[in-house]
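**Q**
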Amino acid sequence: MTWWIWIVGGIALLAFELAIPGGIIFLFFGVSAIVVGTLVALDIGGPLWLQTVIFAVMSIVSTLTLRGPILRRMAASTGDSASIDAIVGQEAVTAEEIIPGAEGKVELRGASWTAQNVGTEALAAGHRCTVERVDGLKLYVR
Numbered sequence: 072m073t074w075w076i077w078i079v080g081g082i083a084l085l086a087f088e089l090a091i092p093g094g095i096i097f098l099f100f101g102v103s104a105i106v107v108g109t110l111v112a113l114d115i116g117g118p119l120w121l122q123t124v125i126f127a128v129m130s131i132v133s134t135l136t137l138r139g140p141i142l143r144r145m146a147a148s149t150g151d152s153a154s155i156d157a158i159v160g161q162e163a164v165t166a167e168e169i170i171p172g173a174e175g176k177v178e179l180r181g182a183s184w185t186a187q188n189v190g191t192e193a194l195a196a197g198h199r200c201t202v203e204r205v206d207g208l209k210l211y212v213r
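Just so you know, we're using our numbering here: the sequence shown kicks off at 72 and counts up by one.
#1: With DSSP collapsed to three states, give me the class of E88.
#2: Is it true that the CB of E167 sits closer than 8 Å to the CB of A196?
#3: Thinking just about the alpha-carbon of each residue, which of G80, G160 and I131 is nearest to the one in F99?
#4: Which stretch, first to last residue, makes up the beta strand (DSSP E) that contains T185?
#5: Kindly confirm or deny that the region 74-83 and the region 96-111 touch, where touching means at least three C-beta pairs closer than 8 Å.
#6: Closer than 7 Å by C-beta to M129: which residues in its own chain qualify, once you throw out the five before and the five after it? Chain order, please.
#7: Could you tell me whether the region 136-147 touches the region 88-98, where touching means 3 or more Cβ pairs closer than 8 Å?
#8: Indicate whether L210 and T165 have their beta-carbon atoms separated by less than 8 Å.
#9: Rounded to a whole number of angstroms, what is the C-alpha to C-alpha distance between T123 and A90?
Structure representation (structure tokens):
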């Protein structure tokens, strides 16, 4: 088989992996196809049967050995730190003065949030405040 068919097939598998949510399987098949295509392009891929064996072995071994650790790492990176409830207790910086009971803007984690001052004192612009609770996309700060 010509090298470019392997490369195009690998790119198509990678695109398919990006297009569908889920289990990260096509990634390994796509990378394996690109590696086989590169070997064939360098004229060290051998006959078609050997290319197919290399592709199958690389795909299966990489899926079995790398899929679990990648999924665990992805699950860890989207754990508590990404949870909206993890924002409670963190410090935000007011972007404008917010009087008690009023809404205003605060900066937290590099993003602007709508916040309501639940304290008894006005919060000056640039003042650090603590997130008391979260309701949707609205923070309640003190």
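Glycine included, each C-beta is placed from N, C-alpha and C at the ideal position.
**A** Reading off the structure:
#1: Residue mapping note: residue 88 aligns to position 17 of the sequence shown, counting from 1. In the structure shown, E88 sits in a helix (DSSP, three-state: H, G or I).
#2: The residue you call residue 196 lines up with position 125 of the sequence shown. The residue you call residue 167 lines up with position 96 of the sequence shown. Yes, they are a contact pair.
#3: As a working note, residue 99 is residue 28 in the sequence shown. It is I131.
#4: Here residue 185 is taken as the residue at index 114 of the sequence shown, counted from 1. Here the beta strand (DSSP E) through T185 covers A182 to N188.
#5: Contact holds: three or more Cβ-Cβ distances are below 8 Å.
#6: As a first step, residue 129 must be located in the sequence shown, where it is residue number 58. Same-chain partners within the cutoff: S103 and V106.
#7: yes
#8: As a first step, residue 210 is located in the sequence shown; it is residue number 139 there, counting from the start. As a first step, residue 165 is located in the sequence shown; it is residue number 94 there, counting from the start. For L210 and T165, no; Cβs fall outside 8 Å.
#9: Here residue 123 is taken as the residue at index 52 of the sequence shown, counted from 1. Here residue 90 is taken as the residue at index 19 of the sequence shown, counted from 1. Taking the straight line joining both Cα atoms gives about 25 Å.
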